[in-house]
Every structure is written in C-alpha cells, then in structure tokens.
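Engineer: Would you mind keeping the following structure in view while I ask a few things?
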Amino acid sequence: MTTESVRVGYDAAAAQEKWQRFWEADGTFTPLDDGSRERRYMLDMFPYPSGDLHMGHAEAFVMGDIVARYWKLCGYDVMHPIGWDSFGLPAENAAIARDAHPADWTYANIDTQAGSFKRYGLGLDWSRRLHTSDPEYYRWTQWLFLRFYERGLAYRKDSYVNWCPNDQTVLANEQVVQGLCERCSAVVTKRKLTQWYFKITDYAQRLLDDMSLIEGHWPDRVLTMQRNWIGRSEGAYVDFQVEGREEPVRVFTTRPDTLYGATFFVVAPEAALAAEIVTDEQRPAFEEYLEATKRATEIERQSSERPKSGVFLGVHAINPVNNELLPIYAADYVLADYGTGAVMAVPAHDQRDLDFAKAFNLPVRVVVETGLPDPAETFVATPGDGSYVNSPVLEGLADKKAGIAAITASLAEQGRGESAVTFRLRDWLLSRQRFWGCPIPIIHCATCGEVPVPDDQLPVRLPDLRGAALAPKGTSPLASATDWVNVSCPKCGGAAQRDTDTMDTFVDSSWYYFRYCSPNYTEGPFDPAEVAKWMPVAQYVGGVEHAILHLLYSRFFTKVLSDIGLVDFPEPFMSLMNQGQVINQGKAMSKSLGNGVDLGKQIDEFGVDAIRTTVVFAGPPEDDIDWADVSPGSTLKFLQRAFRLAQDVASPVDTDPASGDLNLRRATHRSVADVTEALESKRFNVAVARIMELVNATRKAIDAGPGAADPAVREAAEAVAVILSPIAPYVAEEMWELLGHTPSVAAASWPKVDPALLVAEQVTCVVQVQGKVRAKLDVSPSISAEELEAVALADPGVQRALDGRAVRQVIVRAPKLVSIVPA
C-alpha cells in the first residue's frame, strides 16, 4: 500500500481482507504452548449455528476478543478457541421446516458463521475448532455418560415430567421459564414417562459451598440466582402414619415447631403416593382432578390469585405429636418434585394452607401467638415469630430456634423424625425425544436389564435417517430406525434394543471447554496434562440467561470430573463477564416489530472496526445497547482520525522519545495507564474514551506544534496503534505497518508507563466566591493549604468579586479547590 493511496483515507474493506489472510497464514493467534510464557485461557460461550452472526454476537464476542488480545500484548500465552454447540432442537426444527437433514442445515450454518467470525476480526485459535455433533466429539460425551452411570449419577426412573407439546420432548426444570418452554415459549404440561436423569442433587451442597471460590469474580446476581435455584432449606423430616399403609410418609418442613397447628395433610395429585392411598370410592374424583392438574402450568398452580382446589382421598394421616387424624387431600398447589410431594398443612401460619382451609371448611388452629388477629376470623395467615400456644411440648418458649430444636429432638427420641437439610434443586432430566442429539449409550435387554455400551464400541453413531420423517411425534424418531435399534446384548448376546432417546444438548456444552485443551486427543475426552496446563478458564464471557442452565451444569460436571480424578480443581471458570443485549428503539430486535439491524449490512457500510468500537463505547459490558442511540458513522470518523496520525508521523522508527514534547509525553503515558486500568476492570467504554483523548492530543501536537517530526508524536501514535488494537484491530494493524513496524501489531508489547510522567507539574485549582467560579489557577500539586489560600486571595478576579468586602471564611481543599465566603 503506497503513501499516496493511504492519504485517500482508511479503506476498511481492503484492510479486513488483507489482515484476515495474514493472521491465518501467520498463525498469529495460535498459542506458543512451549512454557515460555504464563498461560491464560479466554473462553466465549459456545455459539449455536442457528444462522449468520447477528448484533448480539457482535457484542458478546468482541468483549472476549478484547480481553484475549490485551493479554497477548501483555506477554501472556493466550488460548482463545472456537467451536459450535451444534446439536439441538433449533437446528432440527429449522431443518424439518425446510425438508432438509439437520446435519446439512447445521454444518452449512457453521461454515457461514465461521466466515463471519473471521471477518469480524476475532483473534481465535482455529486449530482447536470443534463441533459437538461430530462423532469424534460425542464419542466422549457418551464415554462421560457411562462414567456417571458407573458412579450412580446417571439413572432412569418413571415420573411426571415437563412436556413441551410444540417441540414434542421433555424439558428439565431449568428449561421451563414462567411455565413456558425456554426454546419455543409453548405452554409446558406434565406427562408421565421413563426418563434419564443426572443426580446433580448429590452435589447441591458443594455447588453452594464452592461459590466462595468465585465470589468477587462472578457477577453477584449470577451467584444469587444459583443460590436461589439450589434453594437450601433447614428444617426437619417428620414421619406421618397413614391409614392402611404400613410405611410412614416422610414430610419435610422448615417449621416443625408448628406441628400442633396441622389440621390437614396435602399430597401433590401427580405424586405416586396420591394414587397409592386414594380409596376406591374416591378414585374416580381423584383421577378426574389429576387430569385437570396435568393441564395447568406450575406457574398457574403456584399463583396466590388462583382459587384453591382439591379432592379428599378418603384416608387420614396421624399427627405424630398429638395422634390427631388429619384428612388427606390431593391439591395442585403442592408440587410432586418438592420433597416427597406431601406436606402437613398449618393454615393459621401459611397463607396457601389457609386459603385451602377456607375453601374446604377445615379447622384453623393458632400455635404461634404473634399479636396479630386470629387467622380463623381474618383469613390472613400469621407466619411470623412469637410465643407458642396450644403446643404442649413447647409451652413457655418464645424463640423459634429453640422451638424447632425442641420439637425435632422430641420427634427423634420417638423415632418419628429428625433434623434435615433439603434443596429446591431437582435432578437434571437429560432425555430428549428428538433425533438431532447425542445417542444415550445404553442397551435394554429383557434378561440383563440396562447394559452400558462397551467403551470400545463408542461412539454410538446416529443413523443417517435421510428421507425419514423426523417431525416430532412424542417418541424419538430413532425408534423407527429398526436396523439401528435392534442389537445383540453385550452381556448375554441375546436380542436387545438401543435406548432411543438422545441427550439434552446442555450435556454437550457442560464439558466442551475441557476438550479445547486437546481437541485431537484419542485416549479420553481430554488430555489431563493439557487441562492442567490451561485450566481453570481465566475469563469466561457470555449472557446472563445461562446463569442457571449452562453455568450450573458446567460446575456440576467439573466436580464430578474432579471426583473421578481427571481434573484437580473444583470450579471451571475463575472469572465471569456477562454482556447485555443489543436492542433497537427500546425493544428487543424482532422481524415482527420491524426494528431488526442486520450486522452484515452494518459492517458493509461502516467496517468491522467501527461496529466493534461502537458496541464497546456504548456503555459497560453488562448494560443493554440501544442501536438507535449510537452512531457507527461518528466512530468511523474517529478511526480515520487515528489512522491519519500514523501517516503524518515524520520521525524515524526507534527515535528516542525522551527529547520530545513533555506535555504530549505526559498525555501519552497517562492515557496508557488509564486504558490499562480500564481494560483490567473490563470498562471497555472508558478505554475507548481515553484513546479518543490521546488521538485528539496527538493531532493537536501535529497541527499546532511541536509538529509531526517531534519524537513524542511518534511515541503517541505508536501507543494509539497498540492500545487501540484490542478494540479495532484492522485500523491498528494498518497504523502499525505505516509506522514502519513488522506485522502484526498483535505481536507487539503493551506500552510501558513511566511513573515519572504520570506526576503532573501543575494542576488547575478552581477558586469560588459565594459558590461562583472567579478564577482558575495553575499551581503545584504539592502546594500547601496556606500557600494556596494566599495565592487565591491575591488573584485579581477574586479581588474584583470581593469588591472590598471582608472575608468571613475560606475553605481550602489543596490543590484543587478554594471556596471563599465574604462577610
């Protein structure tokens, strides 16, 4: 590129094509991995190949790229890999709608996205690229499933599950958002199926305890969301005998001290207990009620506004503290997956129980005197603390903690209960009745039962099924592939069938970051030695919408792998950064709203660097960006101004800046220090602002003196090129080359700051008289309060403002403020 062509202006399209080719040929972003530098692992959340990149990708991936490029400039050996979470419902549904095969649709989208990632200037290590739908990857997903199975952490059971009628598959609790399918927003219902689960509940306490390791490094709201989802509760198990049933029913309660106030007993309609204990006389009414319950969402069932409903099951439970008979009802405000699906009802002190008691004319007995009116008269429950009444074991106590301890001890002594801790967290339901997923490596044999597929027969590959009907129909399409389903039992050799469900795609994405460390390893899911070198991940970047689903599952996987002995750390991601959304005109972008912004068109018009810088400059990473409020055109003008600095520098390469203009040198070193601090604290918008200030200061030095040949101008321009490069890499590369340096600026070093140049020789002191600014004084940073007061009072502007009046008070905040109050 000639100087004359450069002076025409910065050509974004040409620079993008040029440097993409160079980075790929040079392997600029492939880590050295030779132990010569400290390693750092920068990870973006797995992209999903649903189409080309959109504005959300523009924000999410530039954040991680800035961090990775900055670390590389600071001298770290950085791994910044890329891959695709390529199984799953969206790709399968899209393919079905287009009469295509999910593999064809998926890999075509991956190719499109890969090209767009390269165009977007992301400094990625393409040598580690992986796709979860490759047999070479899902072989190890199946291998890990079998290790979980061996440890009793993968199991199968019959239960009522969340069912999406649109996607025709089950959903984990975490994939139901306000009663709707997390993927398609269909109303979720209940269906009884035999399904596979991961026993994440075994790790509930560790998931809570280990948050101390990431406290202060993860956003507080993410940790709070996980704590609330895990939902640790302390209380007691209480055993109730039920008429006609030998085994007692165990109930968990956080308030065993209110047992004397229990006046009835409630069972979730879909709980197995309800169907077991209902009398023949009441069974028709119960089954009708059960069917009605299945049609209601959990949100509807839990609503305080919904009238309470239920049906008497014809039997009673025996209260273990006073032997009272408590009528047992099936009622939909109790959920089957909470505890044992049964609760003791204390209507005086629980509003939902009170509403039910009112609807069914059941007794209300106060056992904690709170000083509030009788709930039996007001129908307002009193859940607070107070002194115990109508409770023989607790009479005289007025402390809840003491009351709980006393009643729990009494129950334990009689063998009717014990102290307990429970969790809201339920086991992870991972079966899916869809084709495009990782097959579950289990064979079902009439003689041997569940038989794991031997490791040397992995992967269990998906059959092609091209031309077959893949549309959802309530059972897995794999069931129709009889040649694939029917196999010999690995144990006895008899006729057997493969499991026809596939795994939840969150299984695939719960361990991919380990695979990146050794993507071609064939002896296991990853090379433990490589993982030990690179992990835990130093910085993870992604949306807060994954706070519970992906992040919780990944933490669980890591703990299991630690127990197996494959890794030696308990947490996978030591630091987490969430980005906000890119919206338009105050609303999420939508075709129906007509407010969508096409990322490709924006890049065509303004160039990649302008889009990257606009996204970054719009606000802190966690804030939403309204594209209607930003101006990529203005950003492009700034980048062109920065570019012109490089073409105007007139001093030779390696000129010693020490003899250059001192004011510009101070501005340069202060800017580098400020940008460094901003990048370390992930305040990327502040970094851009400081770079803009340095560009302006350098332009002023060129145009108004000391001139383009001053060594300080070269120092400043070179600093701009380097500190701008994590944000706007293409223009920075062009600047670096114009300044006479060998490509690439990504291989340069972050500028060193001279502390002596950060100390200002003078600061500006504002002098106020009666609150109005009357003077601005250039003073020494070390000036004393007495000296500053004298200088301020002697200033002519201050004297004019005082107009001969005496001074009643002088407030001095050296060296920046003097406030004078006249008499």
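Take 218 as the starting number for the sequence shown in the working numbering and just add one per residue.
Ideal Cβ positions, reconstructed from N, Cα and C, are used throughout, including at glycine.
What are the partner residues of Trp301, as DSSP defines its beta bridges?
Structural biologist: Bridge partners of Trp301: His348.
Engineer: Can you tell me the Cα-Cα spacing of Asp328 and Tyr730, whole angstroms?
Structural biologist: Their Cα atoms are separated by approximately 21 Å.
Engineer: Looking at the secondary structure, which residues open and close the beta strand (DSSP E) in which Ser888 lies?
Structural biologist: Here Ser888 belongs to no beta strand (DSSP E); instead the alpha helix (DSSP H) covers 879-897.
Engineer: Would Asn801 and Val814 be called neighbours here (beta carbons separated by less than 7 Å)?
Structural biologist: Yes, these two residues count as a Cβ contact at 7 Å.
Engineer: Apart from the five residues on each side of it in sequence, which residues of its chain come closer than 6 Å, Cβ to Cβ, to Val581?
Structural biologist: Hits under 6 Å: Pro564, Ala565, Ala574, Pro592, Ala593.
Engineer: Are at least three pairs of beta-carbons, each pair with one atom in the segment 504-522 and one in the segment 331-344, less than 8 Å apart?
Structural biologist: Result no; under three Cβ-Cβ pairs closer than 8 Å.
Engineer: What number of angstroms, rounded off, separates the C-alpha of Thr411 from the C-alpha of Ser693?
Structural biologist: Looking at the two C-alpha atoms, the distance is approximately 13 Å.
Engineer: With DSSP run on the structure shown, which of helix, strand or coil describes Thr514?
Structural biologist: In the structure shown, Thr514 sits in coil (DSSP, three-state: anything other than H, G, I, E or B).
Engineer: From Gln237 to Val984, what distance separates their C-alpha atoms?
Structural biologist: Roughly 54 Å between the two C-alpha positions.
Engineer: So the candidates are Ala1018, Ile1000, Ala1040, Phe481; which of them puts its Cα closest to the Cα of Val1024?
Structural biologist: When each option's Cα is compared against that of Val1024, the closest is Ala1040.
Engineer: Look at Phe304 and Thr349 and say whether their C-beta atoms are less than 7 Å apart.
Structural biologist: Yes, the Cβ-Cβ distance between Phe304 and Thr349 is below 7 Å.
Engineer: Of the choices Arg643, Arg400, Ala534, whose alpha-carbon is the least far from that of Gly448?
Structural biologist: Checked all of Arg643, Arg400, Ala534; the closest Cα to Gly448 is Arg643.
Engineer: Ordered along the chain, which non-local residues of its own chain (more than five positions away) have a Cβ less than 6 Å from that of Leu896?
Structural biologist: Counting only Cβ-Cβ distances below 6 Å, and skipping sequence neighbours, we find Tyr287, Ala904.
Engineer: Flag this pair as yes or no: are the beta carbons of Leu486 and Tyr506 separated by less than 7 Å?
Structural biologist: What sits at residue 486 in the sequence shown is Pro, not Leu. Yes. Within cutoff.
Engineer: Within its chain, find whatever has a CB closer than 8 Å to the CB of Tyr1088; leave out the 5 residues flanking it on each side and keep chain order.
Structural biologist: The first residue shown for the chain is 218 and the last is 1040, placing residue 1088 beyond what the model contains.
Engineer: What are the boundary residues of the beta strand (DSSP E) that includes Lys409?
Structural biologist: Segment 406-415, the beta strand (DSSP E) holding Lys409.
Engineer: Would you identify the three-state DSSP class for Tyr227, choosing helix, strand or coil?
Structural biologist: In the structure shown, Tyr227 sits in coil (DSSP, three-state: anything other than H, G, I, E or B).
Engineer: Let's see if you can read the secondary structure: which residues bound the beta strand (DSSP E) around Phe482?
Structural biologist: Element bounds for Phe482: 481-484.
Engineer: Out of Gly811, Ala686, Gln674, Ser727, which one is the CA nearest neighbour of Pro707?
Structural biologist: Residue Gln674 is the option with its Cα nearest to Pro707.
Engineer: Per DSSP, what kind of secondary structure is Trp380 in: helix, strand or coil?
Structural biologist: In the structure shown, Trp380 sits in a strand (DSSP, three-state: E or B).
Engineer: Do Ser735 and Tyr770 have their C-beta atoms within less than 7 Å of each other?
Structural biologist: Contact: no.
Engineer: Report yes if the CB atom of Ala867 is closer than 7 Å to the CB atom of Ala929, and no otherwise.
Structural biologist: In this structure, Ala929 does not lie closer than 7 Å to Ala867 by Cβ.
Engineer: Can you tell me the Cα-Cα spacing of Leu424 and Arg931, whole angstroms?
Structural biologist: Near 53 Å, if we compare the C-alpha coordinates of Arg931 and Leu424.
Engineer: Distance check for Tyr366 and Trp413, CA to CA, integer angstroms please.
Structural biologist: So the two alpha carbons sit approximately 10 Å from each other.
Engineer: Confirm, please, whether the CB-CB distance from Tyr377 to Lys416 is below 7 Å.
Structural biologist: Taking 7 Å as the Cβ cut-off, Lys416 and Tyr377 do not qualify as a contacting pair.
Engineer: Short of 6 Å in beta carbon distance, which residues of its chain neighbour Tyr843, apart from the five on each side in sequence? Order them along the chain.
Structural biologist: Note on identity: in this sequence residue 843 is Asp, with Tyr being the wrong assignment. These residues qualify, in order along the chain: Ile800.
Engineer: Taking 7 Å as the threshold (C-beta atoms), are Leu490 and Val483 in contact?
Structural biologist: Contact: no.
Engineer: Do you know how far the Cα of Asp846 is from the Cα of Arg438?
Structural biologist: When rounded, the distance between both Cα atoms is 27 Å.
Engineer: Just grab the DSSP bridge partners of Lys804 for me.
Structural biologist: Asn801.
Engineer: How would you write the range of the beta strand (DSSP E) that Ile1028 sits in, first residue to last?
Structural biologist: It spans 1024-1030 - the beta strand (DSSP E) in which Ile1028 sits, taken as one unbroken run.
Engineer: Indicate whether Phe834 and Asn902 have their beta-carbon atoms separated by less than 7 Å.
Structural biologist: Cβ atoms of Phe834 and Asn902: closer than 7 Å.
Engineer: Does the beta-carbon of Arg1030 have 16 or more other beta-carbons within 10 angstroms, so that it is buried, or is it exposed?
Structural biologist: By the neighbour-count rule (16 or more Cβ atoms within 10 Å), Arg1030 is not buried but exposed.
Engineer: Give me the Cα-Cα distance between Thr418 and Glu391, rounded to the nearest whole angstrom.
Structural biologist: Roughly 14 Å separates the two Cα atoms.
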